[in-house]
Each structure stands twice: as structure tokens, then as C-alpha cells.
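**Q** Numbered according to my numbering, the sequence shown spans residues 3 to 342.
Virtual Cβ for every residue (Gly too), placed ideally from N, Cα, C.
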Amino acid sequence: MKRGQIILLLLLGIGITETGLTQQQAAYRHLLRAYEDNDIINLPGEGTDRGYSNGTRLDYFLVSNKQTLFFLNRIMPKAGDSSVNTFGFSLMQVIYTPKNILKRIPDRNDFAYAGGLFATHSLLSANAIKKYGWQTEVLLGVMGPPSLAKNAQLKAHQIVGIVKPNGWDHQLKTDLLLNVSVAGEKELWHLGHFMEAVGGARAFAGTAMNGFSLYALIRLGKMTPYFKGYVSQFSAPPGRKSRWQVYGMVRPVVEYMLSHALIDGGVFNRNNEPAPVPDPYADEPVTGDRVRNRVVAKMGYGLVVSAGQVGISFTQTTMTPVVKGTGRQEIGNISLHFAW
Numbered sequence: 003m004k005r006g007q008i009i010l011l012l013l014l015g016i017g018i019t020e021t022g023l024t025q026q027q028a029a030y031r032h033l034l035r036a037y038e039d040n041d042i043i044n045l046p047g048e049g050t051d052r053g054y055s056n057g058t059r060l061d062y063f064l065v066s067n068k069q070t071l072f073f074l075n076r077i078m079p080k081a082g083d084s085s086v087n088t089f090g091f092s093l094m095q096v097i098y099t100p101k102n103i104l105k106r107i108p109d110r111n112d113f114a115y116a117g118g119l120f121a122t123h124s125l126l127s128a129n130a131i132k133k134y135g136w137q138t139e140v141l142l143g144v145m146g147p148p149s150l151a152k153n154a155q156l157k158a159h160q161i162v163g164i165v166k167p168n169g170w171d172h173q174l175k176t177d178l179l180l181n182v183s184v185a186g187e188k189e190l191w192h193l194g195h196f197m198e199a200v201g202g203a204r205a206f207a208g209t210a211m212n213g214f215s216l217y218a219l220i221r222l223g224k225m226t227p228y229f230k231g232y233v234s235q236f237s238a239p240p241g242r243k244s245r246w247q248v249y250g251m252v253r254p255v256v257e258y259m260l261s262h263a264l265i266d267g268g269v270f271n272r273n274n275e276p277a278p279v280p281d282p283y284a285d286e287p288v289t290g291d292r293v294r295n296r297v298v299a300k301m302g303y304g305l306v307v308s309a310g311q312v313g314i315s316f317t318q319t320t321m322t323p324v325v326k327g328t329g330r331q332e333i334g335n336i337s338l339h340f341a342w
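Written as C-alpha cells, this is what we have:
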């Protein structure tokens, strides 16, 4: 072979390699998510204001496989050498209210008024080859008046023009929220890129919540494989023939909750929580104490649509009663995603 031909082949090989690397590097590494849970977002048309009433969250996700000196990142489990590691940083506020928000003094057997404000740091580690992953999250925050849940709900109800919740003077006391959760996931089966089923288990412990859950996730439609990383579930980088994703999902969950600070009261102030006294102006019989169901079943279903850098998802979750006598609950979620 002539020297010129050899040089040409080498240059061609280098060009192909660089093109492949460029396409890999073109995958989005950053994602912003704006997230809203609300029991008013309700497909069955039964909007309520009870139990877990609202959750507002803002997340930033970064895909990085670089070694880090931050001790939390070093101890969080990863899904092997070929994993896609997505680090998350989030700020969230959650609000819980009784079944009857008109009452100035909530019933003793109902949800209490409660709010939480916290930051989280997470690692979503997925292995596309072995089709399994780990999800770890550390939560730090506060419950009670410093969460600003009272201010947020009163202002939201004023803006929308709906009934004012009257019992926030009886919200659960200030307490520390510090929690760790770890989940493991594994693909159970798939049908091309059209359908896949994933099974998972999660355990969580700390001053906020203690318990565990078992769940499954079924996705159906035009989508990127689940274990190619979190960012790719809601975006598609340049270079693909089609940058659209449209898929539905179903997520059944069984959860055992040993303790829940935003329902039971915080770890440090739980024994100091004042029990609501009967309302002297009420003509209803006195109720017993609140009883929380430790086992709760949930069924989530929804739709994800994304085009290039932008994605939107909607999910609806139905759950069995968390507190006895309060009935099942419906929670809707709308999330917006922007990747770059």
C-alpha cells in the first residue's frame, strides 16, 4: 500500500473517531426541572385540600463521572464503571392540611396543618449495559412556621380566589428534618425501545420519615431506554434523526411508613405538640385521636412529551387513606424540564 493511501486511511480513522466522540459529548449534561404537586390537579375531577396538599420543587441535575472530593458523593452507591451518574441539587416546600380547612380548630382525628422546607442532594446512577441503577438522596431542612407553608398557602388561595384555610395557628411545631433514602432498581423485561418494566425497592430513615417501599415502573411509547440516565428521559441531543419522545408510564407502589414527621409531629417536639381542644362553637361530637395507616398503596400513571431540550410530564397518583377516616387521595404533578 502506498504511503499516501496509508496516511489517508489514518486521517479517515481519526475523523470517524472524533465524530463519534463529538456525538457522545453532545449529549446534554445539565437539566433544570420545575415541579408542582397539587391535589387540585385532579383527573377524576375531585379536587381537594387535604393531606399532602401541595409540593413545589426546583431541581438542577448535572451528569458527571469525574471523581469528587465531596464526601457525600464518594459514599453514595454507583452502578459500576460504565454508569451514567447524575447529581441533583433541589429546594422543595411541602404543605399538609386537614380534610376540613374551614374549621379554626382542626379535628383531632384529621391531618394536622404542617409544612416543610428543605434542600436535597442526590445521585442517580444508572448502568445501561447491565440495566440497573441506584438512587440516593440526602435531605436537610425544617418543619413548622419557618417552612413558610402558612404564608404560601394563604397567598395562593387569595390569588386563586378560593376558600381560606383557617387553622394554620395550630400547625405542627418547628423541628429538624434530616433524612437519607436509598433505592435500587433493575430492569425486569423490555420490548425493543417501545416497552420496558423496571422493579425497585426504596428504604428511607431519619427525622423526617422512616420506612420502605416496593414499586414497579412500566413505560410504553417512543423513548430513550430508562437506564441511559435521568437527563435522557426528558431530552434528546442534536444529531439524532428524531428528537421527540412520547411515552406513557404506570407506577404501582406499596409503602410501609413507620413514622412521618409532617403527620405525627417532629422527633424533638413530638411530645410537646398541643392536642387541639374541641371548638366551643362546633356542634359536632368530639372525635378521637388521629390514627395513621402504616401501609399505603399508590398507583401513579402519566405521560411524558419531550422535543430536543424541552420536556413536560404529567402524572396522577391515587393513594389509599394515609390517615384513617380521611378517604383516598388524588395528587397531580406537572413538571417542566430544560436540558443543555
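Run through the region 215 to 281 for me and flag every whole alpha helix (DSSP H) of 4 or more residues, listed as ranges in chain order.
**A** The region 215 to 281 contains these whole alpha helix (DSSP H) runs: 263 to 266.
**Q** Near residue 190, which residues of its chain fall below 7 angstroms by C-beta distance, leaving aside the five closest residues on each side in sequence?
**A** Indexing the sequence shown from 1 puts residue 190 at position 188. The answer, listed in chain order, is 199, 200, 201.
**Q** Does residue 73 come out as helix, strand or coil in the three-state DSSP assignment?
**A** Counting from one through the sequence shown, the residue named residue 73 turns up at place 71. DSSP places residue 73 in helix when its eight states are reduced to three.
**Q** Please determine, among 63, 164, 192, 75, the residue with the shortest C-alpha to C-alpha distance to residue 90.
**A** By 1-based counting over the sequence shown, the position of residue 90 is 88. Here the closest residue by C-alpha is 63.
**Q** Quick one: Cα of residue 129 to Cα of residue 138, how far?
**A** For the purposes of this step, residue 129 is taken as residue 127 along the sequence shown, with counting starting at 1. For the purposes of this step, residue 138 is taken as residue 136 along the sequence shown, with counting starting at 1. Straight-line Cα distance between these residues: approximately 15 angstroms.
**Q** From the DSSP output, which residues share a beta bridge with residue 340?
**A** Numbered from its first residue, the sequence shown carries residue 340 at position 338. BP columns for residue 340 point to 34, 312.
**Q** Which word fits residue 195, buried or exposed, when buried means at least 16 other C-beta atoms lie within 10 angstroms of its C-beta?
**A** Translated into positions along the sequence shown, residue 195 becomes position 193. Its Cβ having fewer than 16 others within 10 Å, residue 195 is exposed.
**Q** Since residue 40 sits in a beta bridge, which residues does DSSP pair it with?
**A** Indexing the sequence shown from 1 puts residue 40 at position 38. Paired residues: 56, 334.
**Q** Could you tell me whether the Cβ atoms of residue 125 and residue 181 are closer together than 7 angstroms?
**A** Translated into the one-based positions of the sequence shown, residue 125 becomes position 123. Translated into the one-based positions of the sequence shown, residue 181 becomes position 179. No.
**Q** Mapping the DSSP letters down to three states, classify residue 183 as helix, strand or coil.
**A** For the purposes of this step, residue 183 is taken as residue 181 along the sequence shown, with counting starting at 1. Strand at residue 183.
**Q** Taking the runs of the beta strand (DSSP E) that are 3 residues or longer, which of them lie wholly in the region 72 to 112?
**A** Qualifying beta strand (DSSP E) stretches, in chain order: 86 to 99.
**Q** For the alpha helix (DSSP H) containing residue 153, name the first residue and the last one.
**A** Locating residue 153 in the sequence shown gives position 151, where the first residue counts as 1. Taken as a continuous stretch (DSSP letters only), the alpha helix (DSSP H) holding residue 153 covers 151 to 162.
**Q** Are the Cβ atoms of residue 95 and residue 58 separated by less than 7 angstroms?
**A** For the purposes of this step, residue 95 is identified with residue 93 of the sequence shown, where counting begins at 1. For the purposes of this step, residue 58 is identified with residue 56 of the sequence shown, where counting begins at 1. Cβ distance < 7 angstroms, so residue 95 and residue 58 count as in contact.
**Q** Could you have a look at residue 171 and say whether DSSP puts it in helix, strand or coil?
**A** Here residue 171 corresponds to residue number 169 of the sequence shown, with the count starting at 1. In this structure, residue 171 counts as helix in the three-state DSSP scheme.
**Q** Starting from residue 134 and walking both ways along the beta strand (DSSP E), at which residues does that stretch end?
**A** Position 132 of the sequence shown, counted from the first residue, corresponds to residue 134. That run of the beta strand (DSSP E) goes 134 to 145.
**Q** Once you ignore the five residues that flank residue 328 on each side, which residues in its own chain have a CB closer than 7 angstroms to its CB?
**A** Your numbering for residue 328 matches position 326 in the sequence shown. These residues qualify, in order along the chain: 52, 53, 101, 112, 113.
**Q** Starting from the C-beta of residue 330, find all residues in its chain whose C-beta is less than 8 angstroms away, skip the five residues before and the five after it, and write them out in chain order.
**A** Numbered from its first residue, the sequence shown carries residue 330 at position 328. Cβ within range, chain order: 320, 321, 322, 323.
**Q** Measuring CA to CA, which of 167, 228, 127, 192 is closest to residue 184?
**A** The residue you call residue 184 lines up with position 182 of the sequence shown. Looking at the Cα atoms, 127 is the closest of the given residues.
**Q** Report all residues from its chain with a CB closer than 8 angstroms to the CB of residue 24; omit the five preceding and five following residues, and keep chain order.
**A** Position 22 of the sequence shown holds residue 24. Caution is warranted here: a pLDDT of 40 is assigned to residue 24, below 50, making its placement in the model unreliable, and the coordinate value is therefore given only provisionally. No residues qualify anywhere along the chain.
**Q** Below 8 angstroms, how does it come out for the region 295 to 307 and the region 250 to 257: are there three or more Cβ pairs, yes or no?
**A** Yes, since at least three Cβ pairs between the region 295 to 307 and the region 250 to 257 fall closer than 8 angstroms, the two stretches touch.
**Q** Report yes or no: do the region 27 to 43 and the region 227 to 240 share at least 3 C-beta pairs separated by less than 8 angstroms?
**A** Because the criterion of three Cβ pairs below 8 angstroms is met, the region 27 to 43 and the region 227 to 240 touch.
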